[in-house]
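Enquirer: Remember, the numbering used here sits 627 above the position in the sequence shown when you count from 1. Every residue gets a Cβ at the ideal spot worked out from N, C-alpha and C, and that includes glycine. None of these values were measured; they are calculated from a predicted model. Below are the structure tokens for one structure; questions will follow.
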Amino acid sequence: MPNHTVLFTGFGPFHGHSVNASWEAVQLVPSQNIENVDVIIEEIPVVYNIVDRTVPQLWEKYKPTLVIHVGVSSEARRITIESQAFRHGYSQSDCLGNQHQTNEVCSAVEAADYSQRTLFVHVPPLNEPYTADEIATALAVIAKCALEQLTISNKLVLVQFHELRLIY
């Protein structure tokens with residue numbers, strides 16, 4: 628019986644990404660067979676009002692130990708765990724051309740006080756340089772390390788993840 632539930636979210640297609648590397652990789656995470664972990668995957672459209680509504684619903688539905696949101700970034704050259712996110716002045720449009728109502732991308736996570744058990748991971752586009760399977764392997768490693776840290780301290784401290792950047 629699994630000791631933990633980890634929810635991985637990947638995102639759907641959007642501006643310039645007809646195939647989103649995040650969702651392609653997240654779909655493969657269950658095949659990584661993370662020991663003692665119930666892996667749940669969900670695809671979320673890149674539509675701000677859907678994201679704001681869906682994230683709290685997923686927390687309520689699955690009551691996960693950890694959530695790892697995975698997004699593709701054209702600028703990423705490696706797999707990167709974000710140590711900070713836009714708080715104010717975010718102006719990127721979603722798939723429908725809408726801007727976030729609050730200009731605060733992380734408002735849904737912060738409002739529900741999930742930030743101690745949430746990671747945001749950016750991945751490069753597929754095959755630039757990693758395959759979906761390589762990204763899924765890295766996501767499994769990130770989940771294992773995060774769960775180990777949560778077991779010890781009950782909160783995530785991102786400084787301990789920097790070594791993963793050297794591996795992938």
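Expressed to the nearest angstrom, what Euclidean distance is found between the alpha-carbon atoms of residue 705 and residue 646?
Expert: For the purposes of this step, residue 705 is taken as the residue at position 78 of the sequence shown. For the purposes of this step, residue 646 is taken as the residue at position 19 of the sequence shown. Computed Cα separation, rounded: 18 Å.
Enquirer: Within 8 Å, do at least three Cβ pairs link the segment 670 to 681 to the segment 740 to 754?
Expert: No contact exists between the segment 740 to 754 and the segment 670 to 681.
Enquirer: Compare the beta carbon distance of residue 697 and residue 664 with 8 Å and say whether it is the shorter of the two.
Expert: The count along the sequence shown starts at 1 and reaches residue 697 at position 70. The count along the sequence shown starts at 1 and reaches residue 664 at position 37. No. Outside cutoff.
Enquirer: Taking the alpha-carbon positions, what's the residue 662 to residue 652 distance?
Expert: Within the sequence shown, numbered from 1, the residue matching residue 662 stands at position 35. Within the sequence shown, numbered from 1, the residue matching residue 652 stands at position 25. Near 19 Å, if we compare the C-alpha coordinates of residue 652 and residue 662.
Enquirer: Hey, would you say residue 693 sits closer than 8 Å to residue 777, going by beta carbons?
Expert: Along the sequence shown, read from residue 1 onward, the residue named residue 693 stands at position 66. Along the sequence shown, read from residue 1 onward, the residue named residue 777 stands at position 150. Yes, the Cβ-Cβ distance between residue 693 and residue 777 is below 8 Å.
Enquirer: Compute the beta-carbon to beta-carbon distance between residue 668 and residue 654, rounded to the nearest angstrom, for a pair I have assumed lies under 8 Å.
Expert: Within the sequence shown, numbered from 1, the residue matching residue 668 stands at position 41. Within the sequence shown, numbered from 1, the residue matching residue 654 stands at position 27. Sure, about 6 Å apart at Cβ, within 8 Å.
Enquirer: On the criterion of 16 or more Cβ atoms from any shown chain inside 10 Å, does residue 723 qualify as buried, or is it exposed?
Expert: Numbered from its first residue, the sequence shown carries residue 723 at position 96. With fewer than 16 Cβ atoms within 10 Å of its Cβ, residue 723 is classed as exposed.
Enquirer: Looking at the secondary structure, which residues open and close the beta strand (DSSP E) in which residue 661 lies?
Expert: Stepping through the sequence shown from its first residue, residue 661 is reached at position 34. No beta strand (DSSP E) contains residue 661, which DSSP labels as neither H nor E.
Enquirer: How would you call residue 736, buried or exposed, if buried means at least 16 neighbouring beta carbons within 10 angstroms?
Expert: What you label residue 736 is simply residue 109 of the sequence shown in a count that begins at 1. Interpretation of residue 736 is limited by its pLDDT of 47, a score under 50 that renders its predicted location unreliable; the figure taken from the coordinates is listed afterwards. Classification of residue 736: buried, given that the 10 Å Cβ count is 16 or more.
Enquirer: Give a yes or no on whether the C-beta atoms belonging to residue 769 and residue 695 are separated by under 8 Å.
Expert: Here the question's residue 769 lines up with position 142 in the sequence shown. Here the question's residue 695 lines up with position 68 in the sequence shown. Contact flag set, yes.
Enquirer: In chain order, what residues of the same chain have a beta carbon less than 6 Å from the beta carbon of residue 721, not counting five sequence neighbours either side?
Expert: For this step, residue 721 is matched to residue 94 along the sequence shown. The answer, listed in chain order, is 673, 674 and 675.
Enquirer: I'd like to know whether the C-beta atoms of residue 666 and residue 656 end up nearer to each other than 8 Å.
Expert: As a first step, residue 666 is located in the sequence shown; it is residue number 39 there, counting from the start. As a first step, residue 656 is located in the sequence shown; it is residue number 29 there, counting from the start. Closer than 8 Å, so yes.
Enquirer: Starting from the C-beta of residue 639, find all residues in its chain whose C-beta is less than 8 Å away, skip the five residues before and the five after it, and write them out in chain order.
Expert: Counted from its first residue, the sequence shown places residue 639 at position 12. The answer, listed in chain order, is 647, 650, 670, 671, 672, 673 and 722.
Enquirer: Give the straight-line distance between the Cα atoms of residue 642 and residue 780, rounded to the nearest whole angstrom.
Expert: Residue mapping note: residue 642 aligns to position 15 of the sequence shown, counting from 1. Residue mapping note: residue 780 aligns to position 153 of the sequence shown, counting from 1. If you take the alpha carbons of residue 642 and residue 780, they lie about 39 Å apart.
Enquirer: By the three-class DSSP mapping on this structure, what secondary structure does residue 673 have?
Expert: The residue you call residue 673 lines up with position 46 of the sequence shown. Coil.
Enquirer: Using the beta-carbon count (16 or more within 10 Å), is residue 636 buried or exposed?
Expert: Counting from one through the sequence shown, the residue named residue 636 turns up at place 9. Residue 636 should be labelled buried.
Enquirer: Nearest to residue 719 by CA position, among 700, 707 and 709, is which residue?
Expert: For the purposes of this step, residue 719 is identified with residue 92 of the sequence shown, where counting begins at 1. Of the listed residues, the one whose Cα sits closest to residue 719 is 700.
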